[in-house]
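These protein sequences, in sequence, are chains A and B.
Heads up, the first sequence stops at 1562 in the working numbering, and the numbers go up one at a time, no gaps.
Heads up, the second sequence stops at 233 in the working numbering, and the numbers go up one at a time, no gaps.
What follows is a short report on a single structure.
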Amino acid sequence: MSDRGSSEPVTSPKYLDLKDFVGLKQKVEAAVRQDATVRRPDGKVVYRSLDELAGTAEFRALVDREFPQAASEWDDGVSRRNFMKLMGASLALAGLSTACAPKPEEKIVPYVQQPENIVPGRPLFFASAMPWMGYGKGVVVEQHEGRPTKVEGNRDHPSSRGAADVWGQASILSLYDPDRSQVVTRYGNVATWGQFVNALGDALRYADWQAGKTKGRTAPARVRILTETVTSPTIAAQVAALKRSFPDLVWHAYDAVGRDNVLEGTRLAFGEAAATTAPAAGGGRLEPVYHFDRAKVVVALDCNFLTDEPGSLRYARDYISTRKVSYAGRKDRDGAGLKAPIDVPARQSPASRLYVAESSPTVVGAMADHKLRATPDQIHAFAAALLEAVEHHDHAKAATFAGAPWFNALVEDLTHAEPGTTLVCAGEYAPPAVHVLAHAINAKLGNVATGPDDKKPVSLIPAVVANPVNNVESITKLAADLKADAVDVLLVLGGNPAYTAPAELGFEALLGGIYARKQADPRPFVAHLGMYEDETARACEWHVPETHYLEAWGDVRGHDGTASVVQPLIAPLYPACKSAVEVLAAALEKVPATGSTSRPAYNAGDVSTARSGYDAVRATWQAWQAGNGGGDFEKFWTLSLHDGVIGKVQQPKDNDPFPPAATAHKAVAAPKVKDDAVAAARKVTPAEGLTLNFRPDPNVWDGAWANNAWLQELPKPLTKLTWDNALLISPGAAKDLKLASDDKGNVFKEKFIEALEKTVNITVNGQTLKGVPVWVVPGHPDRTATLHLGYGRRWAGKVGSPNDGQVGFDAYPLRAGATRWSAANAKVEPAGGTYKLAVTQNHQVINHETNHKRELVLSGHSIDEVWYEVATEAGEKRGEFTQDELAARRQAIRNREEKGAALPERPTDNENLKLARKIGLPVLPDDPANSPASLFPDQPDQPAGGHDSNYPAWSMVIDQTACIGCNACVVACQAENNVPVVGKEQVMNEREMQWLRIDTYYVGKPLEGDPDGHSDTVDVADPDHTFFQPMMCVHCEKAPCELVCPVGATVHDKEGLNVMVYNRCVGTRYCSNNCPYKVRRFNFLKYNDDTTPVLKLLRNPEVTVRSRGVMEKCTYCIQRISRGRIEAKKAEAKFRQSPEFAKKSPADQSHDALALYNAELRKVTTACQQSCPTEAIIFGNMADPESDIWKHKREPVGFHYGVLAELNTRPRTTYFARIDNPSHGHAGHAETGAKGGDAGKDSHPGH
Amino acid sequence: MAQLFPRSANTIAKASIVVGVVFMATVGGIAHSLDRGPYTTNQSIVRDQPVPFSHEHHVKGLGIDCRYCHTSVEESHFAGIPPTKTCMTCHSQVWTNAEVLRPVRESWRTNAPLQWNRVHDLADFVYFNHGAHINKGVGCSTCHGPVDRMPLMWQHGALTMAWCLECHREPENFVRPREQVYNMDYRVDRDSGRKNPDGTAPTQAQLGEQLVKEYNIRKDQLTNCSICHR
């Protein structure tokens, strides 16, 4: 059929006049805009960024294109001509030098004496604990021939339960950071440890002598120690020993984040009287520990319990365990085929409900069923109103709280729940008064444990912090002493106070003043211990390089007080590095506690006599053990090291698989909340003007991680910002600040993108920070703005302060001690400029339109209810049911749940599913009904019933109900797979290399005045939902990438993996172009640094380090699969050789051998799965009916779906939709949905 | 118009064709032998070592088992090079003053490891695993050749991908009974310890098929890229 042969008459062309043309153009543009808006069936709009909502042409282009325009060019000023010249020459040379040259000679270097337990080529794993914010998180560290390469969580540790967070994962990069401080310095000149120790001893003795001798002082030397939050019993014991020689010694603590408000809250609520009930360990303070698995209703008041608390990993696990409603997820909770059992009743209890009030958007807010966006003073008022309502115990009397239409429902939920099944938690960012109110509400609702054995959602334990002083007061006192010249010796052990101290103190200048004065007066002696030559190191006379936690002995307590030994995995990379324990041991050696001048010999039970970190830690625990039952210390010590937990219960009982360790702090009998404290806390002072919130950065925290490139390049949760901080504001604030234009008196969403990246000057506390870019965040409270700490470091290293410049903007000069977390009356003025931010929000945008035609956010408090919605909706449409029947069905579900009925054995036994089958709905995602014929070839051994397959079928399920968007998986993947960082400029070119990204979607309701449902107006200020979708290669069974590769570099293997063969790849990027999921990453440049010697130690030896010009992507951690497969083959081989094998019948032989093989393969986990605190990622062999993944894969459609499955790619990774559990008892939420109505009037599930 | 070329031009033209073909074949041949020959692959090139360790003497002469020194060969991807201590177990008693063993004693005294020159060096993007091969009945000598006749070590196979694939495509041509893996002189008819149903000694073709089945060698999978590359 050719055009020439066509016999159709040729019509004469119609000439468009200009008017027509303009009209047409407008129509096309409108159509494009319409197209960009993704609407759910209920009329709500799903979007991932403001650009998408605005439907800009740029955004459309991003959806259609793989990379932004010109991303494939190397735009750095080298002209094309020069480039060709250079490349021509290097190509010619490359051809000569690599193709024909013989292989370079390599050496093999064996041990002289092989250490015990080392099998060359096989990693070893050691338990340790990572101090974070002073508290410990248990870790298990992988070590290859003596070098640590990967950090995982420790399942036995109560603060980890097998998970590791972004900092845990990234800490391995800090160990090998080439910018670490390597030598002792004095005034910036190289010195030795010996010189330092002598100088320290001299200073201590001189100060002591002079104090007694001259200047009319009778008190001994004024020694000051400044640390961050410390929970280490050894350090506490050492300081106590030092204090015996220097009674005037003061231990100051300053942590830029710390736990001031939490501790102050308990002090106000329970008073100093708590000191009498608590053992001395807590310094008389109490600290709350939460048990989210015991709560059915959770209220979080500015409390980011999912990522920002010392117990966050545990809290996230516990909380999400009450949210998983899938059959498989529930089964997991009941302990079948489970990684780590959780102490929840094994019954079909309805999901818990989360109410959140927050002043800055966090992942907790994203997980909320109901959220109040408010300023800190409004949250205070909210807490006061809640206490009022709870006290009256009658929700009908409760006044409606502005901004929270669900307030009555919350009161109803709290007051009607059984006592001791709800939980109100206040976070560090809320003022102490809110903590007092939270304690009062918890007390009122019977949520507080009355002793160690009382299983309630809140227990109060003696403070875990060894030195529970108020951080701000403490450093203010120290600053005053320094100013008054009342300090003789100051040891800054860790931390970076010159950078983080409250702005009004001028702390850096105080230290710097010492520096200038030095020649005239040898006092005070100021030394700093830190991992970097940072701001503080440069201000102090002496600087001692600090060891990484993987290099030195120490100890630390977890969030509930459980102690762990911090066990070194490697000798210090730089011999000069010392730990805080070693510095204190040196001080104790120079000035013996006994007062005599001769050194006492090491006494195993006395920390003060220890000379090394190892001896000191052992001495501490030998003393502890002697006082706690005694026994064989060597055995106790070995077990403690092995478990990563000191005093772990070795034989837990069945009903409590994770009993608290002997070192955990026991809950005290809850003291009464003081009435006067509550009365005082009820008074709310309204804040004036705009409130500026200071928050630790989700990645670099208080700035301590600023030189960690993995964290710098990690897209922050919600904002997806990398390599910078920005002033986060709400759409409303953007309007108020006149950053976005506002015509017609209406909020046009297009206008908000005008505000993005515009610079502003922020003035607060009399200080101005200039030129900060603005980022508009949907869901950010109005009248507040958020600025993250930790950026604008002057001396962080090559990553955090490149070329002595700065990354981001330093918020500390704005932050006064009195306004630690929020400062009212902030002035924000447009500065008139723009500043480019590297935001990955619009990177690798998939066409999620079709996805969200199905609902990705469902609601229901149990899987039955979710299924009820899904199945009955379809049935109703087909006229299968009457309204009455529907109501009866719903009631039946409720009744069954009330009784706590056991789960059906198989999900398919569920009557809703039978119903679905009856009405012809597909039940499983891989039902034949769901997959039409395809042109793509079938992969061998597809799982369609192939349970007896000789080959596993690897696949994954990601539970979006459980995904809290914490990013741990992203960094875990980066660490496991040698994924490089690319830098800010390359990120802006959409060239970031992380294999795994977390797509964040908002669901917004249309604004009023949107009658036709076609308007562009969406309520971006208050999204109904925010949900996360981790996205990496989904290993399509019919993979579009494979067909277009000209060199066969990406192919399927027998186990169903879509594999990438680096050595075949020639870099055409066709595969990436053809990938609808946009999960492939291309090495445009040589991103991996393989020349810096110390970074060579970092690499995972099991994974190829990719060079320039190679495509890469998620491999399902093929190195771990290979390890598992080889181990399985070895086990199988052994079994086949065994005598009992010979006795079996041939059929049994092959069956049993395969069962053994599969059992071995069940041990394979991917890096992302292993790190996930909430077990949202399930991976395994779905051809094995005994595996977890098999159960998960049999979850019915409706909430189990494949992304872009309508393309018939048959993805091996499937997803469970996010299931929210909003209250039906209020009018605000459900009615906004198109199908609200009836549901909104429905009775509350508790009745 | 007069002839431009003399008659001899015909001969020259014909000859130049022949010369051209020969030249190109020669260049091609040289390139091929450079690429696939010992110059690139290091096949059959005897390597100098800091200590002239003789496998011939230790294996054939003294009858020491492979695993005495290469301890992790069944466990790990890496067969293991013995630590100095292994050498010293004997050489603190015998040949205690031998000049050739000076580096060994030096290493023991100074705690500085010996540095051997690597003989078998696969490309870095290949992940070979000794343990998997040993457990599935691939003999040492199948890849490493007659080690017991090597006074100094050389690389027996080419270690090219084509060479690996010879066995990965048709393992039945190479596998042997697992108990014969460390036998340097293995001959299928003599050493296999198996008998055909008719009582005759099996050939490799007969035994190979049987062993592939017996050891459940997943043959289809062996040519998957992901088996060796990650």
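C-beta atoms are modelled at their ideal positions from N, C-alpha and C, and glycine is treated no differently.
Only a predicted model underlies this, so the values are computations on that prediction, with no experimental measurement involved.
Alpha helix (DSSP H) segment containing residue i, residue limits
i                : result
K759 of chain A  : P747 to K759
Q553 of chain A  : P548 to S560
H695 of chain A  : P691 to H707
Q1301 of chain A : K1299 to M1303
Own chain, CB closer than 7 Å to residue i, minus 5 neighbours either side, in chain order
i                : result
C90 of chain B   : V107
E848 of chain A  : S496, H858 and W1110
M1346 of chain A : R1312, D1314, Y1392 and V1394
A934 of chain A  : A919, G920, D921, V922 and A925
V787 of chain A  : D575, P817, G1132 and R1135
Boundaries (first-last residue) of the beta strand (DSSP E) holding residue i
i                : result
R1435 of chain A : Note, R1435 of chain A: premise wrong, no beta strand (DSSP E); alpha helix (DSSP H) at I1433 to Q1452.
I1279 of chain A : Neither: I1279 of chain A is in no beta strand (DSSP E) and is coded neither H nor E.
A901 of chain A  : Unbroken run through A901 of chain A is the alpha helix (DSSP H), A895 to K905; no beta strand (DSSP E).
W111 of chain B  : Run containing W111 of chain B: none in the beta strand (DSSP E); it sits in the alpha helix (DSSP H), R105 to T113.
V76 of chain B   : Taken as a continuous stretch (DSSP letters only), V76 of chain B belongs to no beta strand (DSSP E), as it is neither H nor E.
K1073 of chain A : K1073 to V1079
S774 of chain A  : V773 to P777
R997 of chain A  : Where R997 of chain A is concerned, there is no enclosing beta strand (DSSP E), although the alpha helix (DSSP H) it sits in stretches over D990 to R997.
Coarse secondary structure for residue i, derived from DSSP in three states
i                : result
H843 of chain A  : strand
P446 of chain A  : strand
S879 of chain A  : strand
Y929 of chain A  : helix
S489 of chain A  : helix
M164 of chain B  : helix
T1134 of chain A : coil
A631 of chain A  : helix
M1347 of chain A : coil
R181 of chain B  : helix
D1314 of chain A : strand
Q1159 of chain A : coil
L65 of chain B   : coil
Y605 of chain A  : strand
L1054 of chain A : coil
F128 of chain B  : coil
T14 of chain B   : helix
Supposed contact pair residue j and residue i - C-beta distance, whole angstroms, cut 8 Å
i                : j                : result
K139 of chain B  : K1444 of chain A : 7 Å
R1650 of chain A : A801 of chain A  : No information on residue 1650 of chain A is available, as it lies outside the stretch 316 to 1562 that chain A covers here.
Sequence-distant residues of the same chain with beta carbon closer than 6 Å to residue i, five excluded per side
i                : result
T1078 of chain A : K1142
H147 of chain B  : H159
D1368 of chain A : V1374
V49 of chain B   : L155 and W157
H472 of chain A  : G453, G959 and V960
G23 of chain B   : none
Proximity winner among the options, relative to residue i (alpha-carbon distances)
i                : options                               : result
V360 of chain A  : A:K1320, A:P1391 and A:F1450          : A:K1320
Y1317 of chain A : A:A992, A:T1341 and A:N1292           : A:T1341
V1333 of chain A : A:F1514, A:G1094, A:N1265 and A:A1133 : A:G1094
T226 of chain B  : A:D1404, A:E1370 and A:T1480          : A:E1370
T44 of chain B   : B:Q213, B:T145, B:W111 and B:L162     : B:L162
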